[in-house]
Amino acid sequence: MPFRSEAEFVRWLGRHWPVRGRGLDLGIGDDAALLRAPAGRDLVVTTDLSIEDVHFRLDLHPPRAIGHRALARALSDLAAMGSKPRFALLSLALSGNLMRSWIAAFYDGLGTLARRFGVTLIGGDTAVADGAATIDTIAIGEVERGRALLRSGARPGDRVYVTGRLGLSALALELLRGSARPSTWVARSRGKAGIGRDEKQQALAAHLYPEPRCSVGVALARQGLASAAIDVSDGFATDLARLCESSGCGAVVREDQLPIPSGGLTRNALELGLYGGEDYELIFTASASRAARMPGSVGGASVREVGRITAAHRLTLVRSDGREVPLETRGYDHFRKLRASARH
Ligand SMILES: [Mg+2]
């Protein structure tokens, strides 16, 4: 780590990320932070790991994007709970050969997002370690007492909504991986005229600098519009299945309503949209009466009705031609990966 002492690092950190904020009695500099819980509000706490070669690659992802994404993942979880982000703690294990310029860019990406969302850094830890770079982000938000959005509130007949677009992040990963091997990228790009230049730009932005849907979550919670919510981190199908499991129900989803890309490179658009992951959009449900007054956009993001909740405990996809097929859940699952590798 290219800093002479922890004190120097903390001083340097203060220049890159706000370390003072409302509700904070004592921030960085003591053994722990002191927070004041706001009257009539609940605190919402989440933690997210970002690990080199699991969540990012040093050869594909610029350090600014790695910093942005590390915080965005945690803020997306706060958004899914309907809470407004307030504080974060950041622990890093980095190899000693990462340059100070890399670390500065990492904090710049993270700090820019933090400032935009009013997030104050209140602590963390840093260690030099061999092996994969590891980033642990803890984020704390607040929500009006009793108004947090849960996964468990969906009921049969509720409509299913999704914000923004699905599959762009996975499309960008295909583009980035392809560009690491330019010859294959050119070959696969040809004949895929459906993916325009604008869409590629949108995909790269969605992947490298995802926008956590905090204002959507806060608006849904405040207005009491949603019966349940979850953010899309491991793929639409997998995260919808988690919401349904928590709510003890199933869902029917219409392919022609899904906001998916116009094409993919190695996977088709539907696969990217259903199983791509890292979209950091929100899936939420609303009762039929709430659905009748659902606006086309909430908190600055477009919202699209893509299906409905059923009493039957299964997921069904209505294809564009009207056929009904089981909606498989094969998004990213670390435990499934673990089981698979344990078998070999
Ligand atoms: Mg989540």
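For the sequence shown, this note's numbering assigns the number 1 to the initial residue and increments by one for each residue that follows.
C-beta atoms are modelled at their ideal positions from N, C-alpha and C, and glycine is treated no differently.
Review point. In the DSSP assignment, what residue or residues form a beta bridge with Ala228?
Key: In the sequence shown, counting from the first residue as 1, residue 228 sits at position 228. For Ala228, which the question treats as bridged, DSSP gives the partners Thr285.
Check your understanding: How many Å lie between Pro210 and Gly196 at the Cα?
Key -> Within the sequence shown, the letter at position 210 stands for residue 210. Within the sequence shown, the letter at position 196 stands for residue 196. Pro210 and Gly196: Cα-Cα distance of roughly 20 Å.
**Study point:** Distance CB(Val253)-CB(Gly217) smaller than 8 Å
**Key:** For the purposes of this step, residue 253 is taken as the residue at position 253 of the sequence shown. For the purposes of this step, residue 217 is taken as the residue at position 217 of the sequence shown. Result no, Cβ atoms of Val253 and Gly217 do not sit closer than 8 Å.
Review point. Arg190: buried (16+ other C-beta within 10 angstroms of its C-beta) or exposed?
Key: Here the question's residue 190 lines up with position 190 in the sequence shown. Note on Arg190: pLDDT 41, under 50, position unreliable in the model; the coordinate value appears next. Arg190 should be labelled exposed.
Check your understanding: Touch check for the stretch 127-145 and the stretch 156-173: three-plus C-beta pairs under 8 Å?
Key -> no
Practice item. Just the C-alpha distance for Thr46 and Ser76, rounded to the nearest angstrom, thanks. Key: Here residue 46 refers to the residue found at position 46 when the sequence shown is read from its first residue. Here residue 76 refers to the residue found at position 76 when the sequence shown is read from its first residue. Whole-angstrom Cα-Cα distance: 10 Å.
Practice item. Pull up the distance between the alpha-carbon of Ser101 and that of Leu220, whole angstroms please. Key: Here residue 101 is taken as the residue at index 101 of the sequence shown, counted from 1. Here residue 220 is taken as the residue at index 220 of the sequence shown, counted from 1. C-alpha separation (whole angstroms): 40 Å.
Review point. Can you tell me whether DSSP reads Asp77 as helix, strand or coil?
Key: Here residue 77 refers to the residue found at position 77 when the sequence shown is read from its first residue. Reduced to three states, the DSSP call for Asp77 is helix.
Check your understanding: Just curious, the beta strand (DSSP E) that Glu211 is in, first and last residue?
Key -> The residue given as residue 211 occupies position 211 in the sequence shown. That residue, Glu211, is in no beta strand (DSSP E); it is neither H nor E in DSSP.
Review point. Which parts of the stretch 261-309 are runs of the beta strand (DSSP E), unbroken and 3 residues or longer, counting only runs that do not cross its ends?
Key: 282-286
**Study point:** Contacts around Arg147, its chain only, beta-carbon distance under 6 Å, and the 5 residues preceding and following it disregarded
**Key:** Here residue 147 refers to the residue found at position 147 of the sequence shown. The residues are Ala221.
Check your understanding: Under the DSSP definition of a beta bridge, which residues are partnered with Glu144?
Key -> Position 144 of the sequence shown, counting from 1, holds the residue named residue 144. Answer by DSSP bridge pairing, in chain order: Arg41.
Practice item. Please say whether Ile66 and Val160 have beta carbons closer to each other than 8 Å? Key: The count along the sequence shown starts at 1 and reaches residue 160 at position 160. The count along the sequence shown starts at 1 and reaches residue 66 at position 66. No; because the gap between Cβ atoms is not below 8 Å, this pair is not in contact.
Check your understanding: Going by the C-beta, is Ser83 closer than 7 Å to any heavy atom of ligand 1?
Key -> The residue given as residue 83 occupies position 83 in the sequence shown. No, the Cβ of Ser83 stays beyond 7 Å of every heavy atom of ligand 1.
**Study point:** Residues bridged to Ser254 (per DSSP)
**Key:** In the sequence shown, counting from the first residue as 1, residue 254 sits at position 254. Note on residue identity: the sequence assigns Arg, not Ser, to residue 254. Arg254 is bridged to Val318.
Check your understanding: What separation, rounded to the nearest whole angstrom, lies between the Cα atoms of Thr285 and Ala237?
Key -> Locating residue 285 in the sequence shown gives position 285, counting from the first residue. Locating residue 237 in the sequence shown gives position 237, counting from the first residue. Going by the C-alpha atoms only, they are around 14 Å apart.
Review point. Between the stretch 262-270 and the stretch 295-315, do at least 3 Cβ pairs fall closer than 8 Å?
Key: no
Check your understanding: Straight-line CA distance for Ala154 to Phe3?
Key -> For the purposes of this step, residue 154 is identified with residue 154 of the sequence shown, where counting begins at 1. For the purposes of this step, residue 3 is identified with residue 3 of the sequence shown, where counting begins at 1. Those two C-alpha atoms are separated by around 50 Å.
Practice item. Pick out the complete beta strand (DSSP E) segments inside the stretch 129-174, 3 residues or longer, and give them in chain order. Key: 134-144 and 159-163
**Study point:** Nearest candidate by alpha-carbon position, reference Cys249, set Ala172, Ser152 and Val119
**Key:** For this step, residue 249 is matched to residue 249 along the sequence shown. Here the closest residue by C-alpha is Ser152.
Exercise for review: Classify Gly235 as buried or exposed, calling it buried when 16 or more other Cβ atoms lie within 10 Å of its own Cβ.
Suggested key: Residue mapping note: residue 235 aligns to position 235 of the sequence shown, counting from 1. Looking at its Cβ environment, which holds 16 or more other Cβ atoms inside 10 Å, Gly235 is buried.
**Study point:** Through-space distance from Gly322 to Glu142, alpha-carbon basis
**Key:** On the sequence shown, residue 142 is found 142 positions in, with the first residue counted as 1. On the sequence shown, residue 322 is found 322 positions in, with the first residue counted as 1. C-alpha separation (whole angstroms): 43 Å.
Check your understanding: Who are Phe56's beta bridge partners in DSSP?
Key -> Against the sequence shown, residue 56 aligns to sequence position 56. Partner(s): Glu52.
Review point. From Gly131 to Ser287, what does the alpha carbon distance come to, in whole angstroms?
Key: Walking along the sequence shown from the start, residue 131 turns up at place 131. Walking along the sequence shown from the start, residue 287 turns up at place 287. Near 48 Å, if we compare the C-alpha coordinates of Ser287 and Gly131.
Check your understanding: Hey, how far is the Cα of Gly299 from the Cα of Trp17?
Key -> Locating residue 299 in the sequence shown gives position 299, counting from the first residue. Locating residue 17 in the sequence shown gives position 17, counting from the first residue. In a straight line, the C-alpha of Gly299 is about 25 Å away from that of Trp17.
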